[in-house]
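*Asks:* Before I ask anything, here is the structure I am working with.
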Amino acid sequence: MAKRSTTTSRRARTWRRWVGIGSISAFAIVAGTGLAAADEGAVRYADSERAISGSYIVVLKDGVSAAATTDAQARAYSATVRYRYGSVVRGYSATMGERQARRLAADPRVAYVEQDQTVSLLDTQTNPPSWGLDRVDQRDLSLNSAYTYLATAATVNAYVIDTGIRTTHSDFGGRAVWGTNTTGDGNNSDCHGHGTHVAGTIGGTAHGVAKGVRLTAVKVLGCNGSGTNSAVIAGIDWVTANAVRPAVANMSLGGNASAAIDDAVKRSITAGITYAVASGNNATDACGQSPARLGGANGPTLTVNASTKTDGKASFSNYGRCTDLFAPGSDITSAGKDSDTATRSLSGTSMAAPHVAGAAALYLAGNPTATPQQVKSGIVGNASSAKITSVSGDTPNRLLYTGQGAQQPPQPSPTPTPTPTPAPAPPWWCQWWCWR
16 MAKRSTTTSR
26 RARTWRRWVG
36 IGSISAFAIV
46 AGTGLAAADE
56 GAVRYADSER
66 AISGSYIVVL
76 KDGVSAAATT
86 DAQARAYSAT
96 VRYRYGSVVR
106 GYSATMGERQ
116 ARRLAADPRV
126 AYVEQDQTVS
136 LLDTQTNPPS
146 WGLDRVDQRD
156 LSLNSAYTYL
166 ATAATVNAYV
176 IDTGIRTTHS
186 DFGGRAVWGT
196 NTTGDGNNSD
206 CHGHGTHVAG
216 TIGGTAHGVA
226 KGVRLTAVKV
236 LGCNGSGTNS
246 AVIAGIDWVT
256 ANAVRPAVAN
266 MSLGGNASAA
276 IDDAVKRSIT
286 AGITYAVASG
296 NNATDACGQS
306 PARLGGANGP
316 TLTVNASTKT
326 DGKASFSNYG
336 RCTDLFAPGS
346 DITSAGKDSD
356 TATRSLSGTS
366 MAAPHVAGAA
376 ALYLAGNPTA
386 TPQQVKSGIV
396 GNASSAKITS
406 VSGDTPNRLL
416 YTGQGAQQPP
426 QPSPTPTPTP
436 TPAPAPPWWC
446 QWWCWR
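The numbering used here puts the first residue of the sequence shown at 16, with every later residue one more than the last.
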């Protein structure tokens with residue numbers, strides 16, 4: 016019995032030892048899970064209705080080498096790199112699993128990870144004749160059936176970040192060239208038509224504000240007029256790396272708020288490129304959309320609302336303090352994609368923004384070393400005030416003006432000449448004798 020008791024005791028000790036080891040192992044697993052959870056970061060805009068599942072934009076911290084980091088992170092987090100950014104954001108876009116994206120967001124080399132989102136055009140179609148050029152060269156209605164311009168901006172380059180351009184269209188007179196296509200569709204043409212229309216308003220010989228500007232197609236949206244933030248950023252990155260200055264870029268597109276889009280546009284502007292941006296067609300506050308929300312008094316872009324032929328706010332146009340001015344955007348006729356002589360009429364803030372891009376080109380023609388902030392100040396400062404009806408709240412009531420004097424920097428208010436202080440009268444006892 017004593018021997019059996021000893022054996023039983025030994026087994027009990029062995030059992031307790033294994034239980035202890037199992038408990039430690041279980042604790043380690045739980046603790047390990049806790050550590051893994053702690054090492055996961057937040058992915059921005061993951062709950063957006065425009066989110067693209069499995070696609071992410073990775074922005075690295077300043078000072079981190081994208082060349083040395085991108086492929087290493089792709090291997091570590093089982094990601095497939097699609098775009099590599101080097102000019103406007105330090106980073107890349109990639110496809111990967113949701114958990115891997117959260118883990119990557121916690122990597123100390125990463126500033127943030129953002130869910131890729133869809134982006135789309137901002138137009139609605141109608142069919143009457145155009146009137147926009149007639150309006151922007153005069154302060155007041157009524158229209159005089161003429162567009163007077165003092166320059167053609169032949170020394171300026173305009174980059175149309177859109178669906179591409181039909182570069183052979185007669186309205187461009189050989190001034191339109193292909194830049195890049197970041198959509199991955201392999202179709203280096205404007206199969207939608209939006210970009211050609213926008214380019215025509217910027218710089219068409221017949222339809223354009225700046226009739227001699229050089230136009231470059233930057234295709235970031237596909238034949239259906241939609242695309243991704245990651246492809247748009249790749250287009251902005253290309254423009255920033257390749258632009259010939261003086262330069263202006265037009266973005267008649269938009270989507271939900273995106274820190275990565277905002278950062279890309281801001282850094283492109285810092286590199287010396289002026290941006291005209293459509294405010295959006297949702298009849299809502301533009302401060303909720305990128306890149307439109309970069310406008311306003313303290314913002315770097317020229318964010319443009321749409322006006323009608325009677326100087327009303329277009330019913331579809333966005334508004335708010337993040338915008339800068341109005342431009343014609345209802346029933347605008349410009350170049351079409353279907354032939355080298357085609358035209359079409361469209362409405363939208365997409366049509367308003369290129370009027371401002373053309374005006375920026377005219378300004379740069381006369382002031383080729385002007386910074387984007389100086390261009391913005393010139394256009395906003397020379398705009399016609401209090402012309403748009405149905406504007407309320409904090410929306411700036413300004414209408415684009417390209418007429419006489421608009422290409423000159425706004426003149427500061429003259430400093431009033433001080434009234435000289437009269438010399439004090441001599442004392443009474445000196446009034447006659449001192450005068451003598």
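Cβ atoms here follow ideal geometry from the backbone N, Cα and C, with glycine treated the same way. What you are looking at is a predicted structure, and each value in this text was computed from that prediction instead of being measured.
(1) With distances taken from CA atoms, which of LEU148, ASN271, ALA87 is nearest LEU119?
(2) Kindly list the residues whose CB is nearer than 6 Å to the CB of ALA298, restricted to its own chain and excluding five residues on each side of it in sequence; keep chain order.
(3) By DSSP, does THR318 sit in helix, in strand, or in coil?
(4) With a threshold of 8 Å between beta carbons, is VAL280 in contact with chain B?
(5) Bridge partners for ARG13 per DSSP, in chain order?
(6) Locate the beta strand (DSSP E) running through ALA61, then write down its first and last residues.
(7) Using three-state DSSP, classify ASN296 as helix, strand or coil.
(8) Please identify the residue among SER102, ILE394, LYS391, THR318 whose C-alpha is closest to the C-alpha of THR410.
(9) Fully enclosed by the stretch 51-129, which beta strand (DSSP E) runs are 3 residues long or longer?
(10) For the beta strand (DSSP E) containing THR359, list its first residue and its last residue.
(11) Please report how far the alpha carbon of ALA279 lies from the alpha carbon of TYR107, in whole angstroms.
(12) Pick out the complete beta strand (DSSP E) segments inside the stretch 189-274, 3 residues or longer, and give them in chain order.
(13) Tell me whether THR285 sits in a helix, a strand or coil according to DSSP, three-state version.
(14) DSSP puts SER305 in a beta bridge; with which residues?
(15) Under 8 Å between the Cβ atoms of TRP146 and LYS324?
(16) Just verifying my parser: in three-state terms, what is the DSSP assignment at PHE331?
(17) Rounded to a whole number of angstroms, what is the C-alpha to C-alpha distance between THR348 and ILE180?
(18) On the CB-based measure, 16 or more other CB atoms within 10 Å of its CB, does ASP62 come out buried or exposed?
(19) Do you know how far the Cα of GLY381 is from the Cα of TYR92?
(20) List the residues that DSSP assigns as beta-bridge partners of SER400.
(21) Inspect the CB distances between the stretch 387-406 and the stretch 349-368 and report whether three or more fall short of 8 Å.
(22) Count the other CB atoms, across all protein chains shown, that sit within 10 Å of the CB of LEU137; report buried if there are 16 or more and exposed otherwise.
(23) Around the C-beta of VAL192, are 16 or more other C-beta atoms found within 10 angstroms, so that it is buried, or is it exposed?
(24) To the nearest angstrom, how far is the alpha carbon of THR198 from that of SER322?
(25) Taking 8 Å as the threshold (C-beta atoms), are THR255 and ARG229 in contact?
(26) Check ILE180 in the structure and name its three-state DSSP category.
(27) What number of angstroms, rounded off, separates the C-alpha of ALA275 from the C-alpha of TYR127?
(28) What number of angstroms, rounded off, separates the C-alpha of HIS207 from the C-alpha of SER157?
(29) If the criterion is Cβ atoms closer than 8 Å, does the pair SER135 and SER241 meet it?
(30) Would you tell me roughly how many angstroms separate the C-alpha atoms of ASP131 and VAL233, rounded to the nearest one?
(31) Using three-state DSSP, classify GLN132 as helix, strand or coil.
(32) Return the CA-CA distance between GLY420 and ARG124, expressed in angstroms with no decimal places.
(33) Could you compute how far the alpha carbon of LEU340 sits from the alpha carbon of THR358?
(34) Is the CB-CB distance between LYS226 and TYR164 below 8 Å?
(35) Whole angstroms are fine: how far does the CA of THR285 sit from the CA of PRO387?
(36) Does the separation of the CB atoms of ASP186 and GLY215 fall below 8 Å?
*Replies:* Let me spell this out:
(1) ALA87
(2) PHE331
(3) strand
(4) In summary, chain B is missing from the structure at hand, where a single protein chain is found.
(5) This structure cannot speak to residue 13, because the chain is shown only from 16 to 451.
(6) From DSSP, ALA61 is part of no beta strand (DSSP E); its letter is neither H nor E.
(7) coil
(8) THR318
(9) 66-75, 95-100, 106-110
(10) Here residue 359 is Arg; the residue named in the question, Thr, does not match the sequence. Looking at the DSSP string, the run of the beta strand (DSSP E) that includes ARG359 is 358-362.
(11) 12 Å
(12) 191-196, 229-234, 241-243, 262-266, 268-271
(13) helix
(14) GLY270
(15) yes
(16) coil
(17) 16 Å
(18) exposed
(19) 51 Å
(20) ARG413
(21) no
(22) buried
(23) exposed
(24) 31 Å
(25) no
(26) coil
(27) 9 Å
(28) 34 Å
(29) yes
(30) 20 Å
(31) strand
(32) 50 Å
(33) 27 Å
(34) yes
(35) 8 Å
(36) yes
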